[in-house]
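Undergrad: This is the structure I have questions about; it appears just below.
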Amino acid sequence: MKSGLYVVLVVSILTPLQLNAQRVGLSSATIKDLNEAFNEGTLTSENLVEMYLARITSYDQSGPALNAMLTLNSKAIETARALDTERKEQGPRSFLHGIPVVLKDNVDTADMPTTAG
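Going by UniProt numbering, the final residue of the sequence shown carries number 117, and the count climbs one at a time with no gaps.
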């Protein structure tokens, strides 16, 4: 993915968010829930990326040190911030606008290293 937001969507976040007037942890939030929170102004892509990066740090780089993420995009927060600005000024491009994703490192991307296995 060229936007380079390589952040885990499938891991849970301990910090719950206020989504649709109810407390929902990110492990149970759907893309629809996240988009509703974006639209309501209770969540930004930048906040979402920061939370996932914190989660990755707590599990991957310290704590149990899973080492599941070989590389993180150093521009993830900057990219998320730009996507938030674009959403505010022009609206979302799609339902995935500003939603971070993880790609296996054998998927070729323009801005991240690729391995062969």
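Just so it is clear, CB atoms sit at the ideal spot from N, CA and C, and this is done for glycine as well. All figures in this text were calculated on a predicted structure; none of them were measured in a lab.
#1: Is it buried or exposed, D108, if we count other Cβ atoms within 10 angstroms and call 16 or more buried?
#2: Which value, in whole angstroms, describes the spacing of the CA atoms of F95 and L66?
#3: Between which two residues does the alpha helix (DSSP H) holding N49 run?
#4: Measure the alpha-carbon distance for V10 versus S45 and round it to whole angstroms.
#5: Are N49 and I31 closer than 7 angstroms when you measure CB to CB?
TA: Straight from the coordinates:
#1: exposed
#2: 31 angstroms
#3: As written in the sequence, residue 49 is Val, which differs from the Asn given in the question. Segment S45 to I56, the alpha helix (DSSP H) holding V49.
#4: Bear in mind that the predicted position of V10 carries a pLDDT of just 32, short of 50, making it too unreliable to give a figure here.
#5: Looking at the sequence itself, residue 49 is Val, so the reference to Asn does not match. Not a contact, by the Cβ cut-off of 7 angstroms.
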